[in-house]
Amino acid sequence: MKNVRKIFLKKNSWKRPVLFGAMFLLQAAVYAQDGNAGINEANTKVRSYFASGTNLMYAVGAIVGLIGAVKVYQKWNSGDHDTGKVAAAWFGSCVFLVVVATVIRSFFGV
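As structure tokens, this is what we get:
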């Protein structure tokens with residue numbers, strides 16, 4: 282144990298990076314798994330989270346729609362001339378969120 286301490290305490294030692302590399306390779310070998318098993322596990326996890334993610338996108342769309350409605354109402358009451366543009370932009374962003382969630386769901390067959 283004293284020799285390892287001497288290596289780490291010694292400045293400009295070439296042994297330090299070699300020892301770190303060996304420790305990294307040893308740790309990687311311990312945690313290594315089959316590539317197909319890892320890909321299949323990731324696939325099932327992503328597919329299990331997809332319904333929750335879609336519901337989250339719908340919720341964000343609803344919140345954005347409410348904020349947009351308030352902003353458009355304020356502009357309409359103040360008499361701004363660009364109320365139509367702002368309303369179209371907010372409505373378009375809400376429709377985009379809903380369409381993206383639906384298209385992704387149908388595209389990936391989830």
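With positions in the sequence shown counted from 1, the corresponding number in the working numbering is that position plus 281.
Every residue gets a Cβ at the ideal spot worked out from N, C-alpha and C, and that includes glycine.
These figures come from a predicted structure and were not determined experimentally.
Could you name the residues of the same chain whose beta carbon sits closer than 7 Å to that of valine 367, not counting the 5 residues immediately before and after it, in chain order?
-> Working through the sequence shown from its first residue, we reach residue 367 at position 86. Closer than 7 Å at the Cβ level, and outside the excluded window around valine 367, lie Lys352, Val353 and Lys356.
On the three-pair Cβ rule with 8 Å, is the segment 323-330 touching the segment 373-382?
-> Segments in contact, no.
Taking the alpha helix (DSSP H) that glycine 316 falls in, what are its first and last residues?
-> Looking up residue 316 in the sequence shown gives position 35. Residue range 316-359 is occupied by the alpha helix (DSSP H) that includes glycine 316.
Glycine 390: first and last residue of the uninterrupted alpha helix (DSSP H) it sits in = Within the sequence shown, numbered from 1, the residue matching residue 390 stands at position 109. For glycine 390, there is no enclosing alpha helix (DSSP H), as DSSP marks it with neither H nor E.
Residue from Asn358, Gly349, Asn317 and Phe305 whose Cα sits closest to the Cα of alanine 369 = In the sequence shown, residue 369 corresponds to position 88, counting from 1. With distances taken between Cα atoms, alanine 369 lies closest to Gly349.
Roughly how far, in whole angstroms, is the beta-carbon of serine 374 from the beta-carbon of valine 345, given that I think they are within contact range, below 8 Å?
-> Residue mapping note: residue 374 aligns to position 93 of the sequence shown, counting from 1. Residue mapping note: residue 345 aligns to position 64 of the sequence shown, counting from 1. Taking 8 Å as the upper bound for CB-CB distance, serine 374 and valine 345 are in contact here, some 6 Å apart.
What residue from Pro298, Val376, Gly365 and Gly360 has the CA that sits closest to valine 341's CA?
-> One-based indexing of the sequence shown puts residue 341 at position 60. The candidate whose alpha carbon is nearest that of valine 341 is Val376.
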